[in-house]
Amino acid sequence: YFATSLDGTKVPYFQLSKKGLACDGSNPTLLYGYGGFEISLTPLYSAARGVAWLEHGGVWIDANIRGGGEYGPRWHQAALKANRNKAFEDFEAVAEDLLKRRVTSRAMLAVEGGSNGGLLVGNMLVREKRELLGAVVCQVPLLDMKRFSQLLAGASWMGEYGDPSTSDWDEFLHQYSPYHLLKEDSTYPSALFMTSTKDDRVHPGHARKMVAKLLEHPTAKENTFYYENIEGGHGGAADNKQRAFMQVVRYSFLWRTLMNEKLPESLKELL
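In our numbering, the protein residues as written are 8 to 278.
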């Protein structure tokens, strides 16, 4: 499928679901994105996704937004630094197309991303079009773009995002720093943040600070959730047992948030 972004660019996305999906707005849908470092997203087999999401009627979407490598270097370069907003606009366009096609509804649409994808969905949480969403899953994310270059491997990403110690901060970086864009007088969708104490790439302080701020928010504190694994590095888990547990945490949050406590039996057995 293709969505049309704000500047008219056609943005491809893949839809995975059961055959014969009824486009009546009733399908819980998880929109996944990355949009950075020239990394391409393509459909793949995932047993956990199948058992926990697709078999129970969930829809999975891979959004091939700018910043990735789906159309080569130019697709990546189109969303660098001051043009980072293009990736966010592309992602919002896919969300709007899903609603237009009646694949899902606002209350049943969630977004997910990790690392650079965590920056993506962190922005979806705070941008004006957050009203499109029912839930956000934000994993090992970058969220404080004022200090990212001072934390762990962050300095090596300035070619992607810019240098916050220069005029880049005032010119564009502050416009997509989710931590700095939270407002007390705004409302936000339910969100689950997941990170790892031993992440040696993206500092867990990004997620910790964001969650701390949301927990002080007058309304967001009621629907903000956090899980930090003490092992695992940037991948979030040290072994298959931990990885499986974190999958259950994610999908349990999604089913409970999007489907009002309706949880598949296969997940109940693992809790």
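Cβ atoms here follow ideal geometry from the backbone N, Cα and C, with glycine treated the same way. Values in this document were obtained by computation on a predicted structure and should not be read as measured data.
- The continuous stretches of alpha helix (DSSP H) do not include threonine 226, and DSSP gives it neither H nor E.
- Phenylalanine 179 carries a coil assignment under DSSP once its states are collapsed to helix, strand and coil.
- For the pair of segments examined, the stretch 41-55 was found not to touch the stretch 132-140: the number of CB pairs separated by less than 8 Å stays below three.
- Take lysine 228, set aside five residues on each side of it, and the residues of its chain with a beta-carbon closer than 7 Å to its own are Leu221, Leu222, in chain order.
- The beta carbons of glycine 169 and phenylalanine 179 sit about 7 Å from each other, so the pair counts as a contact at 8 Å.
- A Cβ-Cβ separation of about 10 Å leaves valine 218 out of contact with tyrosine 234 under the 8 Å criterion.
- A straight line joining the alpha-carbon of glycine 79 with that of proline 171 spans about 27 Å.
- When Ser12, Arg250, Leu159, Gln182 are compared, the shortest CA-CA separation from isoleucine 237 is found for Arg250.
- Excluding the 5 residues flanking it on each side, aspartate 31 has same chain C-beta neighbours closer than 8 Å at Arg109, in chain order.
- In this structure, the alpha-carbon of leucine 23 lies about 6 Å from that of valine 66.
- A direct Cα-Cα distance of roughly 26 Å separates asparagine 71 from aspartate 175.
- Straight-line spacing of the CA atoms in glycine 120 and cysteine 145 works out to 6 Å.
- According to DSSP, glutamine 146 shares a beta bridge with Gly121, Met201.
- Annotation: tryptophan 67 is outside any alpha helix (DSSP H); the continuous beta strand (DSSP E) that includes it extends over 66-70.
- Selection Ala89, Leu61, Ile46, Ile68 evaluated against glycine 74 yields Ile46 as nearest (Cα-Cα).
- With 16 or more neighbouring CB atoms inside 10 Å of its own CB, arginine 91 falls in the buried class.
- Taken atom to atom, the span from the alpha-carbon of alanine 244 to that of glycine 57 is near 20 Å.
- For alanine 102, the uninterrupted alpha helix (DSSP H) segment begins and ends at 92-107.
- With 16 or more other CB atoms across the displayed protein chains lying within 10 angstroms of its CB, aspartate 97 is buried.
- When the five nearest sequence neighbours on each side are left out, the beta carbons in the same chain lying within less than 7 Å of the beta carbon of glycine 76 are those of Glu45, Ile46, Ser47, Trp82, His83, in order along the chain.
- Approximately 31 Å separates the beta-carbon atoms of lysine 248 and aspartate 151; this is outside 8 Å, ruling out the contact.
- Note on proline 196: 16 or more other CB atoms within 10 angstroms of its CB, so buried under the neighbour-count rule.
- When rounded, the separation of the alpha-carbon atoms in tryptophan 262 and phenylalanine 21 is 22 Å.
- Leaving aside the five residues that flank methionine 266 on each side, the residues in its chain whose CB is nearer than 8 Å to its CB run, in chain order, Pro35, Met115.
- Under DSSP, the beta-bridge partners assigned to valine 18 are Ala10.
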